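**Student:** Numbering (my numbering), first residue to last: 74 to 770.
1. Between the alpha carbons of residue 103 and residue 520, how many angstroms are there, rounded?
2. For residue 375, name the three-state secondary structure that DSSP assigns.
3. Given this structure, state the Cα-to-Cα distance separating residue 814 from residue 757, to the nearest angstrom.
4. Residue 728 by DSSP, collapsed to three states: which one?
5. Under the assumption that residue 764 contacts residue 719 (Cβ atoms under 8 Å), give the Cβ distance between them as a whole number of angstroms.
6. Per DSSP, residue 709 forms a beta bridge with which residues?
7. Is the beta carbon of residue 636 less than 7 Å from the beta carbon of residue 659?
8. Shorter than 7 Å from the beta carbon of residue 749 to some beta carbon of chain D?
9. Mapping the DSSP letters down to three states, classify residue 578 as helix, strand or coil.
10. Using 8 Å as the Cβ pair cut-off and three pairs as the minimum, do the segment 278 to 290 and the segment 401 to 408 touch?
11. Quick one: measure Cβ to Cβ for residue 544 and residue 311, integer angstroms, because I've assumed they're closer than 8 Å.
12. Could you please give the first and the last residue of the uninterrupted beta strand (DSSP E) stretch that includes residue 152?
13. If I follow the unbroken alpha helix (DSSP H) through residue 317, where does it start and stop?
14. Can you tell me which of 560, 117, 127, 133 puts its alpha carbon nearest to the alpha carbon of residue 235?
15. Round the Cβ separation of residue 180 and residue 205 to the nearest angstrom and send it over; I've been treating them as touching at under 8 Å.
16. Could you please give the first and the last residue of the uninterrupted alpha helix (DSSP H) stretch that includes residue 625?
17. For residue 434, does the three-state DSSP call read helix, strand or coil?
18. Confirm the yes/no value for this check: CB of residue 237, any heavy atom of the ligand SAM, distance under 6 Å.
19. Based on the DSSP output, what are the partners of residue 366 in its beta bridges?
20. Can you look up residue 753 in the DSSP assignment and give me helix, strand or coil?
21. Just to confirm the assignment, what range does the alpha helix (DSSP H) spanning residue 188 have?
22. Touch check for the segment 105 to 114 and the segment 142 to 159: three-plus C-beta pairs under 8 Å?
23. What did DSSP end up calling residue 607 once you bin it into helix, strand or coil?
24. Anyone know if the C-beta pair for residue 276 and residue 207 falls short of 7 Å?
25. Between residue 151 and residue 164, which are expected to be in contact by the criterion C-beta below 8 Å, what is the C-beta distance as a whole number of angstroms?
26. What's the C-alpha gap between residue 314 and residue 440?
27. When the distance is taken between beta carbons, is residue 386 closer than 7 Å to residue 610?
28. Excluding the five sequence neighbours on either side, which residues of its own chain have a C-beta within less than 8 Å of the C-beta of residue 200, listed in chain order?
29. Using alpha carbons as the reference points, say which of 279, 557, 706, 617 lies closest to residue 724.
30. In this structure, does DSSP put residue 486 in helix, strand or coil?
31. Out of curiosity, what's the CA-to-CA distance linking residue 558 and residue 238?
32. In chain order, what residues of the same chain have a beta carbon less than 8 Å from the beta carbon of residue 537, not counting five sequence neighbours either side?
33. Residue 140 to residue 114, Cα distance in whole Å?
34. Is the beta carbon of residue 360 closer than 7 Å to that of residue 434?
35. For residue 138, tell me which candidate among 119, 496, 256 has the shortest Cα-Cα distance.
36. Per DSSP, which residues does residue 240 bridge with? Please list them.
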């Protein structure tokens, strides 16, 4: 009897367990989502059916309702062997490829376009870009919330970080936050302290300090180190939060540096402060005019001298609004004569100023003064310039601090090649979370890689007081951009066939010797104009400029630049080139900077018809509304270049090719691709070529 009872007990338990398993299997989270998605589709079709416009539409919707597949309770899976990916995300994300669900909530919303069209799930999967645990079928596990899962779901704020795995040359339009972040890594000099693939540790963003005692007064050095942004909000110099004693020690050390580029004695002689009192005050206006003609405000901010424009590229030179508070007038005079004599790696071009003009510019800048915060470190009050740099013990302590904080990461200093660098960044975004030191987490931030990186950028010493990274004092959006860039350093190996590069890798060669080479180096063309391998962002790309412009116009432009892009505050400087120099430079551009793939001879001005001109005008003014972005004789928008005399400036074949596909000729071009027909592109080209000085659109 007791055996029967035991058998009945265990049998009942087994049946109950079996029923429980069935119930649990049918109560899976993903099954609920599939049922809910079916209900949503059915409800949507029934609602459309109620408001069907005609019988044909009603029949179509009725058929769609009848054929609507019932939930199949099936785990949907993407298997990509070469990527080593098994993703079950489509099990719940059922509407990702259906544009009808763009406005519904997750997990049914459709994927954003055109991203999905270029990255179909059956080729790329989901976790390659979004991360997470692809094999999981519950929300928490799939999103990588399980303990120790190495790659949790990447927050949408940072999703562009994944693009860097396959794309090596993205533009701002394609990935604005990522490209801004990568740009900031270089602009802020991060590679001076951190090593990473693609970042050059030799690119120092700060000036050489070997001749600083001739440039500024010692007390200014101390005040600037104490709080850099008190002098200029634009400075890239971070705040190291040094004590007053440390600041005095570093100042003393810097003043012991006297050797720099060139001959020290001749530099000292050239910076003797003589002859400045003889210039009448009214002649300061001459210096102001020279600065305006030289387009100095393209690289330097001078309050009250800003150029008109909406788009303002980041300044690559220091702010000069209070130059008189900082710079010695004798140093200014010497630097303006030959910047590379003081700074061998200076980005500033050599202007053709004569001695009188140099004096006028120096005087104008020296007269620019303003209120700086009085931040004189304690213990420095009452010291004269000659009191600094004499205490060798202080100077030696300052040298140790310079090495500790790796000041040579941004500044050249005699006798110091390397400082104490920070950790390398390669593989940063794939490091186990346990290797990120949150300290006592005073800010109580989320325990995640993105949160740690962003906190480190915004408050670098919040995890520990003993940390050395300085305060960057940057905007929230820039911190997000930098975090995105750092999250792109995954170290993940992607198969070669997934890599996307430009169709043609241009090995850009600029002249290094001879008259053209000397001009090219003097004018520092690549500090403003991007080419492959040089990421300048002030002027337009010049890789194929020779195919783009007319030779006669180019030579005249080099002699006397004109305003071409009203949207930008950047201006081409007037370098006062001689006629033969302008022609020499123009001939080089036309010969060397050409696109050999561009069709030649498609547009011939002797074959332009009146019918084509009428069609072109109609397309320009009405159908495509080009006048809303481009100006013709001061009428129209200011987004694109002025087009009044385009035929004198640009080559007809280049205009035609550009209108057909702007981004093919200029990567990242703002001009929309209107998919013009050959006839439309030809008519527009011929109309633009024939715009005269007096014609109104």
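Just so you know, even glycine gets a beta-carbon here, dropped at the ideal spot from N, CA and C. Every value quoted in this text rests on a predicted model; they were computed, and no experiment measured them.
**Tutor:** The short version:
1. 27 Å
2. Residue 375 falls in the coil class under three-state DSSP.
3. Beyond the ends of the chain as shown, which are 74 and 770, falls residue 814; an answer cannot be given.
4. helix
5. 6 Å
6. 704
7. no
8. Of the protein chains in this structure there is only one, and it is not chain D.
9. In this prediction, residue 578 has a pLDDT of 49, which is less than 50 and means its spatial position is unreliable; what the coordinates show is noted afterwards. Three-state DSSP puts residue 578 in coil, outside helix and strand.
10. Taking a contact to require three or more Cβ pairs closer than 8 Å, the segment 278 to 290 and the segment 401 to 408 qualify as touching.
11. 6 Å
12. Run containing residue 152: 151 to 153, per the beta strand (DSSP E) assignment.
13. Per DSSP, residue 317 belongs to the alpha helix (DSSP H) from 317 to 327.
14. Comparing Cα-Cα distances from residue 235 to each of 560, 117, 127, 133, the minimum goes to 560.
15. Wrong, their Cβ atoms sit about 12 Å apart, outside the cutoff.
16. Boundaries of the alpha helix (DSSP H) around residue 625: 624 to 632.
17. helix
18. Judged by which ligands are present, the structure shown has none, so any question about the ligand SAM falls away.
19. Partner(s): none; residue 366 has no beta bridge.
20. Look at residue 753 here: in three-state DSSP terms it is helix.
21. 188 to 191
22. yes
23. Reduced to three states, the DSSP call for residue 607 is strand.
24. In this structure, residue 276 sits away from residue 207, with a CB-CB distance that is not shorter than 7 Å.
25. So it is not a contact: roughly 10 Å between Cβ atoms.
26. 31 Å
27. yes
28. Close CB contacts of residue 200 within its chain, under the 8 Å cut and outside five residues either way in sequence, are with 158, 160, 162, 206, 207, 224 (chain order).
29. 617
30. strand
31. Each residue's alpha carbon lies about 11 Å from the other.
32. 510, 512
33. 12 Å
34. yes
35. Comparing alpha carbon positions, the residue from 119, 496, 256 closest to residue 138 is 119.
36. 573
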